[in-house]
Structure formats: structure tokens, C-alpha cells
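Residue numbers (this note's numbering): -7 to 396.
Heads up, the beta-carbon is just placed ideally off N, CA and C, and yes, glycines get one too.
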């Protein structure tokens, strides 16, 4: 066997590399009819694209489905943008779909894709250029048709959420030949007027009906607008270039009104809640300050001269009480002792003897008569008795005989 021998994997890898190097196969539009479409639980979509001459296997991964604006079904004629490569495991080539549109929208979609890519490369979709939408807006500008469900929904929801908000409507054409210039003029006029936020959009429709919002002039007017712009074009699945350029995208006009207008009742409830919280915290703060003030007052009172003086007064008063108590005890003891002495003296008192029938004789010189040797017959004496005294004279002296 002559020549090199390659494995199946090497051959598949070589063929895949050839597909990768082919620029046309990396960015290709293919049209055909959908067949054998299956939505996998992983989010991927597997299907075949066929026409009268053949078929090609296709897959759209879950990460690319965000741009798919409809649910694919058997028999739909579509245009697919993507790349063709080889699935090495099976050795089969297939179309990896990035974007899918219905065939009737193919020409407009190509124009849409080119402009979207150009504006994105220019940085008009960059987050750093997005302006924040104010939380509470008093004046809201609306660029949309003066009749239709979109403007009615915006007005009804805005008035329900906040009856005090001012709505300024610029009646614009939103489809047809005059739509682009009308939308641009409305944006410029409301921007110059000085509204707080602006809603630019319309109700749903086909890609042709929404095309004015895919024009570069409208995109530039939104990008250059000094007022924050909320785009509200079509339904949730409709995506226009205006949505990418705007500061905020709303899936519907009704949602745009909810994003632009703060709920007045919710705001009042929130303010009431904050007021109650503030009152509670203020009351708690006052309580803590009063406690701290009372603590400082007590500390100052304890450290002040008046408090020290009161302490000394109290100490002196306690000492005085102790001294008074001790003196009373001392006096009580002395009084008891005096009573004992008084009782003993009372027993020795001459008056006591006189009361018992005894008398006391006193000489003229005041000395007590104790012996007959102190007196001579004829001398005057004074005899003291219990209730008085007797003046007498000694007539005769008689000496007592003492027994042996």
C-alpha cells in the first residue's frame, strides 16, 4: 500500500480546517424550508433546511436563540445567517445558525444587520454612553402616534401610577415615508423643551411597520439626545436598532410607562415607612442621649463641690449622731451611778435621821453638840427637829456612866 495512511479523525479535522479557512462559509446566508425541527431540553434547536435540490443539517445553540423572534415550525421558509463547519465526531458538515428570519423579511433583515454592525462598531451601543433614567420624573415626553393602543396604554398606566406626572405628547408618524423625519423632529423638540425622560416607540407590527426605528437617522437622534430615552417599540420579541441605542429598552409601551413613572402610592408608602423608621430611630437616639445626659449629670454631681460638701455634712452628721449617742450612754451611766450615790447619801442624811425621831443640837457657835464637855450649864443651844428648831438653855449636865 503506497502513500500516507490517515486516521478518520485526521481526515475530519483536515476537512474542518478547510471549512474554517473559507471566509464565505464563515459568514453565509442560506434560505430554505424548515424540516425535522426539534427543540432540545438543553435549549439547542436541531433542524434541517431543505429545498427542491437537497437538504443540510442545521443547529442553533441556546446562546444564539435570544435573537430568534418566532418559534420555528415545519414548512416555514426562512433565511439563516451563520457558518458552515464539520462536526468531527460524525464527519458531517452542518449549518451553525446565528440568526434566523422568515424569508419575507430577508432583505430588510440584511439591511438591519449591516446597520446594527456599523453602529455597534462606532460604539453607539456601548454601556458607558447610557444615561440613567431618573427615579422620579415630573415631566415625561412621548414620541409616538397620537392614536392607537400604545399611547393609550402609556397614558393610562402613567396616570394610574402617578396622577401628578405631566405627559407631553409629540404626535409623530411611526410608519411610512414621513416617519423617520417625524420621529427625529419629535425627539429634538422634546429634548429642547427639557423633559425629565422620553419614551420613543409604537405598538407592534411587521418588520416593515417597525422599520422607521431601524433607520440610522432615528438611531443618531436618540444617541445625541441629552434626555434619557426609553425605547418601546412593538412587542417583547421585537427588537430594533432604536432599542440598542436607547438608554433603556422596554419590551412594550406599557412597560415603558412603568419604567418612566414612579408608583406614587408605593412612593408614599415608602416615605411613610421611612418616616416611621426615622421617628423610631430619632426617639431611640433621644432616649440614648437622655440616658447619657443623666449619666453625665450624675458624674458631674458626684464630682462637684456641692456633692462633696453634702458628703462631708452627712459624715459630720453621722459623727454628731455617734457622739450624741455615746454622750447619752455616758450620761446614762453617770446618772445611774449618781442615783446609787444619792441612795447611799440618803441613807446617811441627817434629815433622814430626824425623820426617824432623832434631833440635832447645835451650839451657839454653830458646832454640833457631841459631848457634854462642849457645854456649860446656862449655855444656849439650838435643837433641830424634823419640822423646825427649838431654842433652849442647858440647866444641868449629867454624865452617863460607862460600864466596864
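Which two residues bound the contiguous beta strand (DSSP E) that contains residue i?
{"i": "residue 159", "result": "158 to 163"}
{"i": "residue 221", "result": "221 to 225"}
{"i": "residue 392", "result": "Looking at the DSSP string, residue 392 is not in any beta strand (DSSP E), and its letter there is neither H nor E."}
{"i": "residue 30", "result": "20 to 31"}
{"i": "residue 206", "result": "Counting along the chain, residue 206 falls outside any beta strand (DSSP E), and DSSP gives it neither H nor E."}
Could you tell me the distance, in whole angstroms, from the CA atom of residue i to the CA atom of residue j?
{"i": "residue 458", "j": "residue 255", "result": "Absent from the structure is residue 458, since the part of the chain shown begins at -7 and ends at 396."}
{"i": "residue 75", "j": "residue 113", "result": "21 Å"}
{"i": "residue 118", "j": "residue 59", "result": "19 Å"}
{"i": "residue 334", "j": "residue 315", "result": "27 Å"}
{"i": "residue 295", "j": "residue 126", "result": "57 Å"}
{"i": "residue 261", "j": "residue 210", "result": "39 Å"}
{"i": "residue 130", "j": "residue 93", "result": "41 Å"}
{"i": "residue 52", "j": "residue 64", "result": "11 Å"}
{"i": "residue 373", "j": "residue 386", "result": "7 Å"}
{"i": "residue 139", "j": "residue 145", "result": "11 Å"}
{"i": "residue 375", "j": "residue 329", "result": "34 Å"}
{"i": "residue 319", "j": "residue 300", "result": "28 Å"}
{"i": "residue 269", "j": "residue 263", "result": "10 Å"}
{"i": "residue 173", "j": "residue 197", "result": "20 Å"}
{"i": "residue 177", "j": "residue 142", "result": "19 Å"}
Mind checking residue i: buried by the 16 CB within 10 Å criterion, or exposed?
{"i": "residue 281", "result": "exposed"}
{"i": "residue 297", "result": "exposed"}
{"i": "residue 108", "result": "buried"}
{"i": "residue 378", "result": "exposed"}
{"i": "residue 235", "result": "buried"}
{"i": "residue 408", "result": "This structure leaves residue 408 out entirely; the chain is present only between -7 and 396."}
{"i": "residue 45", "result": "exposed"}
{"i": "residue 16", "result": "exposed"}
{"i": "residue 380", "result": "exposed"}
{"i": "residue -4", "result": "exposed"}
Over what stretch of residues does the alpha helix (DSSP H) that includes residue i continue unbroken?
{"i": "residue 261", "result": "256 to 295"}
{"i": "residue 248", "result": "245 to 252"}
{"i": "residue 42", "result": "Where residue 42 is concerned, there is no enclosing alpha helix (DSSP H), although the beta strand (DSSP E) it sits in stretches over 37 to 42."}
{"i": "residue 127", "result": "Looking at the DSSP string, residue 127 is not in any alpha helix (DSSP H), and its letter there is neither H nor E."}
{"i": "residue 7", "result": "0 to 13"}
Does the Cβ of residue i lie closer than 7 Å to at least one heavy atom of the ligand ZN?
{"i": "residue 215", "result": "Because no ligand of any kind appears in the structure shown, any question about the ligand ZN cannot be addressed here."}
Segments assigned alpha helix (DSSP H), at least 4 residues, entirely inside the stretch 160 to 192: 171 to 185
The stretch 139 to 158 / the stretch 234 to 254 touching (three or more Cβ pairs under 8 Å): yes
Contact the stretch 92 to 111 vs the stretch 55 to 73: 3+ CB pairs below 8 Å: yes
Cβ pair count under 8 Å reaching 3, the stretch -6 to 10 against the stretch 78 to 98: yes
Whole beta strand (DSSP E) elements within the stretch 361 to 386, 3-residue minimum: 372 to 377 and 380 to 385
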